[in-house]
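Asks: Following this message is one structure expressed as structure tokens.
Structural data, given as structure tokens:
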């Protein structure tokens, strides 16, 4: 098999063929299933937009937490933004680590560990 899957819509329902043979994570599968029209509030464009936003933010959160869950975007978006800031800071510190003297390396490693712990805690609350 190719590992690809075929996604179709039948009677307004999302159908995924070849899902057992593909290399597709549960999180991705749950996210795609959540986008089915039958799961969307179709009263107006605003509610549809909000539903999509909640799902896409839920997917971004799942990249860090490993769990896809649909929730209200507000607080989750703030925590997700903070996680991205921490990831960026860790990356900067790792870049500095390569150029630093030994004493400074110890200090940078301590900061990196602190940020990694904060990131883990935030990811658990997404």
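Residue numbers (the numbering used here): 12 to 137.
C-beta atoms are modelled at their ideal positions from N, C-alpha and C, and glycine is treated no differently.
(1) Less than 8 Å between the CB atoms is what I'm expecting for residue 68 and residue 88, so what's the real figure, rounded?
(2) CB residue 123 to CB residue 105, shorter than 9 Å?
(3) Between which two residues does the alpha helix (DSSP H) containing residue 150 stretch?
(4) I need the straight-line Cα distance from residue 115 to residue 96, nearest angstrom please.
(5) Which one of 58, 92, 77, 60 has the shortest CA to CA distance from residue 135?
(6) How long is the line joining the alpha carbons of residue 118 and residue 127, rounded to whole angstroms?
(7) By how many angstroms is the C-alpha of residue 21 removed from the C-alpha of residue 40?
(8) For residue 66, count the other beta carbons within 10 Å of its own beta carbon; 16 or more makes it buried, fewer makes it exposed. Which is it?
Replies: Based on what the coordinates show:
(1) Position 57 of the chain shown, counted from the start, is the residue given in the question as residue 68. Position 77 of the chain shown, counted from the start, is the residue given in the question as residue 88. Indeed, because the Cβ distance is near 6 Å, the residues count as touching under 8 Å.
(2) Here the question's residue 123 lines up with position 112 in the chain shown. Here the question's residue 105 lines up with position 94 in the chain shown. Taking 9 Å as the Cβ cut-off, residue 123 and residue 105 qualify as a contacting pair.
(3) The chain is shown only over 12 to 137; residue 150 falls outside these bounds and no answer can be derived.
(4) Mapped onto the chain shown, residue 115 falls at position 104. Mapped onto the chain shown, residue 96 falls at position 85. If you take the alpha carbons of residue 115 and residue 96, they lie about 22 Å apart.
(5) Within the chain shown, the letter at position 124 stands for residue 135. Nearest option by C-alpha distance: 77.
(6) In the chain shown, residue 118 corresponds to position 107, counting from 1. In the chain shown, residue 127 corresponds to position 116, counting from 1. Going by the C-alpha atoms only, they are around 14 Å apart.
(7) Here the question's residue 40 lines up with position 29 in the chain shown. Here the question's residue 21 lines up with position 10 in the chain shown. Rounded to whole angstroms, residue 40 to residue 21 spans 17 Å at the Cα level.
(8) Here the question's residue 66 lines up with position 55 in the chain shown. It counts as buried.
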